[in-house]
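S.K.:
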Amino acid sequence: MSSAEPYISEIPRPETRPVIRQLDDSAINRIAAGEVVERPASAVKELVENAIDAGATRISVEIADGGKTLIRVTDDGCGMTPEDLPLALSRHATSKIDGSDLLNIHTFGFRGEALPSLGAVGRLTITSRAAGHEAAQIRVSGGKLEPVKPAALRAGSVVELRDLFFATPARLKFMRTDRAEAQAISDTVKRLAMAEPSVGFTLRDVSGGGDGRVTFRADPLSGDLFDALHGRLASVLGREFAENALKIDASREGIRLYGYAALPTYSRGAAVAQFLFVNTRPVKDKMLTGALRAAYFDFLSRDRHPAAALFIDCDPQLVDVNVHPAKSEVRFRDPGLARGLIVSSLRHALAEAGHRASTTVAGATLGAMRAEQPTATGAPRVYQMDRPSYGARSQSYAAQSPGQPHPASFNAPPSAGFAELAGAYSGRVTEAAEPPAAPGQPSDTPERAAPGAEALPLGAARGQVHENYIIAQTTDGMVIVDQHAAHERLVYEKLKRQMADNGVAAQALLIPEIVELSDNDCACLLGVADELAKFGLGIEAFGGNAIAVRETPAILGEVNAEAMIKDILDELSDQGESQLVQAKIEAVLSRVACHGSIRSGRRMRGEEMDALLREMEATPHSGQCNHGRPTYVELKLADIERLFGRS
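In the working numbering, the protein residues as written are 3 to 649.
#1: Answer with buried or exposed for E85, where buried requires no fewer than 16 other C-beta atoms within 10 angstroms of its C-beta.
#2: Candidates V160, R295 and R219: which alpha carbon is nearest G342's?
#3: Could you tell me whether the region 279–286 touches the region 235–243, where touching means 3 or more Cβ pairs closer than 8 Å?
#4: Express the C-alpha separation of L320 and V530 in angstroms, rounding to a whole number.
#5: With C-beta atoms as the reference, is A297 less than 8 Å away from I257?
#6: Have a look at E51, V123, H597 and G145 and flag the residue whose alpha-carbon is nearest the alpha-carbon of L166.
#7: Under 8 Å by Cβ, that's how I've got L653 and A595 pegged, so tell me the actual separation to the nearest angstrom.
#8: Can you check DSSP and say which residues form a bridge with A310?
#9: Report buried or exposed for V635, applying the criterion of at least 16 other Cβ atoms within 10 angstroms of its Cβ.
#10: In whole angstroms, what separates the C-alpha of K288 from that of F646?
#11: Which of the three DSSP states is assigned to R270 in this structure?
#12: With respect to the beta strand (DSSP E) encompassing R552, which residues constitute its N-terminal and C-terminal limits?
#13: Measuring alpha carbon to alpha carbon, tell me which residue in S303, K192 and L89 is nearest E148.
#14: Please give me, in chain order, every unbroken run of the beta strand (DSSP E) with length at least 3 that falls completely inside the region 48–106.
#15: Have a look at S624, G505 and A351 and flag the residue whose alpha-carbon is nearest the alpha-carbon of L259.
#16: Does A153 come out as helix, strand or coil in the three-state DSSP assignment?
#17: Short of 6 Å in beta carbon distance, which residues of its chain neighbour A507, apart from the five on each side in sequence? Order them along the chain.
#18: Within its chain, find whatever has a CB closer than 6 Å to the CB of T476; leave out the 5 residues flanking it on each side and keep chain order.
#19: Distance, Cα to Cα, A197 vs S28?
#20: Can you tell me whether Q626 is helix, strand or coil according to DSSP?
#21: Applying the 10 Å Cβ sphere with the 16-neighbour rule, what's the burial state of E436?
#22: Could you give the distance in angstroms between the alpha-carbon of R552 and the alpha-carbon of D503?
#23: Just the C-alpha distance for K151 and M82, rounded to the nearest angstrom, thanks.
#24: What does the alpha-carbon distance come out to for the pair G630 and Q466?
#25: Any idea what DSSP makes of D213, helix, strand or coil?
#26: So, using beta-carbon positions, are D459 and H357 closer together than 8 Å?
#27: Within 10 angstroms of the Cβ of E255, are there 16 or more other Cβ atoms? Answer buried if so, exposed if not.
#28: Which class does D523 belong to by DSSP, given the choice of helix, strand or coil?
#29: Let me confirm a value: D612 is counted as buried when at least 16 other C-beta atoms fall within 10 Å, else exposed. Which label applies?
#30: Is T267 near the ligand ZN - that is, is its Cβ less than 7 Å away from at least one heavy atom of it?
#31: Roughly how many whole angstroms lie between the Cα atoms of G134 and L87?
#32: Using a Cβ-Cβ cut-off of 6 Å (strictly less than) and excluding sequence neighbours within five positions of L423, which residues of its own chain qualify?
#33: Going by DSSP, what residues sit across from Y471 in a beta bridge?
#34: Check whether the Cβ atoms of A544 and I587 sit closer than 8 Å, and answer yes or no.
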């Protein structure tokens, strides 16, 4: 007898045949509430979406104790008649669809589950008034419905939910703190506010009694779609996002993508500033977030995340929103089309941004320059513009760029500089670079800026400090350029263009490497064989569940093909797409660019510095280096004057 047999024999078996029973409505509603109402934020989402569907132009949300004891949503929508109120609390009763077509959906809600589910687990009161009818009120507590009675209300609806989950107290044990639940509610309201700029939103916390305090307010906006959306994003995500966001507007085969995406140098440490909408419905879709990550793939390190608010509009027939009761997941009829539109549109917008870097770069730089407080003897305040400490520089980088360690210094010997490359970049031949000046010796680098160069985006080079930073003057300020980081990006972009023009060279293996896989993994990998071939990885079926790796990218040298294949499968399983091979190739190109660019300590002539500035202006993505850090900092004259107390 095997060791498993005693365990199997101990499995309890029913003594009698189970009886199939029809659950009552109360139990059905409580079960449905477990899917629809996960936490107070879920209840707020359902009630606010109902208000938007009712045509409301102003919506007020009041909560207490993180929404656990009170959620009140007031709107000025079309309201409901006294006859509609009992029906609204019946399961699968809705005015938004007729049931004949579950794909042609133009509203947030359509399942008819939210209100009966909320009434099954809490104390729900609905007061409503439709045009031409008297106001009425209905209550339901723990699934027990009370009769409709007259009420006082001018227009619209007021839905009040008290003591959420009192009928299912076990759910209360899974609630987080009041502060965490209130934050989740705020995030939910903000997402819906972004989706509907023409609707005004107010979120108020009344936990302390009285009128409480307003935690979020967004007034209704009108006019041009992008102007209204930009204004709403500024109020929800902050002015910094609005100042550093790129306008996105593209269409392809019946699908339109619009919204705003932030510059790479305005990135976050987590994916907390990514907002995606499908037909104005906030969604959390793995395919869409993967496409957003792919668009920024070459501009951010893996521990940084882009910020964006993107909207996809399409015929409702092209997308299925009836995937989950919470309606946060969607399925596209052609997911590749939607993904490709996101990636190509964002990459095009980032390329058009050219050398532009986020305004937060200058803010972080100014923050690293500290002002000394008055001394105990009453001496006047002294403004210092000394070189910030390593810690201060690291903090300034962390505020606006990927969390890469700040390069304290580069001790590499001077390498061939921009003089040899400036001719190819700028169309003119320059003289050989002079040797670096002795320590402490002032530079006699001549200024050879073209007349009017100050009016150009990066200005005219005026000098070089510490043999690493170029100082340029603009019409209204100054620019500080990290010559090594900037030139590294320029060389990297040139290498990428050459790779795109000539393709990735493949190296044929003398003996193909055979990798055994499961049925699903084999089919999944062969499905992306054409994409992998573009990057020099040639695979083909080898019979059964095996695949043969016949070619690998030549630039990678000797590789462990089996390990690479399994890593690719892991990415496909987790993200639905794989960028592993591309990442490895571009990492090699990045290292080549790093070694082939100007080193710190390399003294540059005036025309070399100007050639570098002009090439940066003409090269896409030159505002950040290969690691996502900024290549230059721009300080406005007003900022500089403020440092010296002159404004």
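Idealized CB from N, CA, C, for every residue including glycine.
M.R.: In this structure, then:
#1: exposed
#2: R295
#3: Output reads no: the region 235–243 does not touch the region 279–286.
#4: Rounded to whole angstroms, the separation of the alpha carbons of L320 and V530 is 24 Å.
#5: no
#6: Nearest option by C-alpha distance: V123.
#7: Past the boundaries of the shown model lies residue 653; the chain is included only from 3 to 649, so the question cannot be answered.
#8: Bridge partners of A310: A263 and Q276.
#9: With 16 or more Cβ atoms within 10 Å of its Cβ, V635 is classed as buried.
#10: Each residue's alpha carbon lies about 49 Å from the other.
#11: Assigned with DSSP and collapsed to three states, R270 falls in strand.
#12: A548 to P555
#13: L89
#14: 60–66 and 72–77
#15: A351
#16: coil
#17: A556
#18: E456 and G461
#19: 34 Å
#20: strand
#21: Unreliable placement is indicated for E436, whose pLDDT of 42 sits below 50; no coordinate value is reported for it.
#22: 23 Å
#23: 13 Å
#24: Spanning the two alpha carbons is a distance of roughly 23 Å.
#25: coil
#26: It is Pro, not Asp, that sits at residue 459 in the sequence shown. A contact, by the Cβ cut-off of 8 Å.
#27: exposed
#28: helix
#29: buried
#30: Looking at this structure, you won't find the ligand ZN or any other ligand, since it has none at all.
#31: 16 Å
#32: Below a pLDDT of 50, predicted positions are generally treated as unreliable, and L423, at 43, falls in that range; the measurement from the model is reported next regardless. Around L423: no qualifying Cβ.
#33: V467 and D484
#34: Reading off the sequence shown, one finds Phe at residue 544, where the question assumed Ala. In this structure, I587 does not lie closer than 8 Å to F544 by Cβ.
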